[in-house]
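The next block holds one structure in the form of structure tokens; read it before the comments.
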Amino acid sequence: MAASRMDPHERAKRLARIIVGEIVLYHKDKIVQAIKNDALFEMLEPELEEGRKYYEKNVDPEVQAHTKYFDEAVVDILVKGQAGVESKIW
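Each residue of the sequence shown is one higher than the last, beginning at -4 in my numbering.
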């Protein structure tokens, strides 16, 4: 199935996961430091904001209005995915 014919919700979920996955891939050291310093969202604010803008630009506004796929990807990939990092927050 071509991406353009894919269910808009499935497409939005995939895009969110790809974007957050790229943030993790390219900013691993920064993420580890941020978690250790309990400042994950503050330190990654520019990257997350850029990712969110890209997501919003490329996802159907109707889908965005009724879902939180980008936020879910942040929790699943960025936060839960780093559970092995030593931190006082967990």
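Think of the CB as a built atom: it goes at the ideal place given N, C-alpha and C, for glycine as much as any other residue.
- As for any beta strand (DSSP E) of minimum length 3 sitting wholly inside the segment 2 to 53, there is none.
- Taken through DSSP and simplified to helix, strand or coil, Val80 comes out as coil.
- The DSSP-derived three-state label of Lys75 is helix.
- CA-CA distance, Ala60 to Arg6, rounds to 15 Å.
- Rounded to the nearest whole angstrom, the CA to CA distance from Arg0 to Asn32 is 43 Å.
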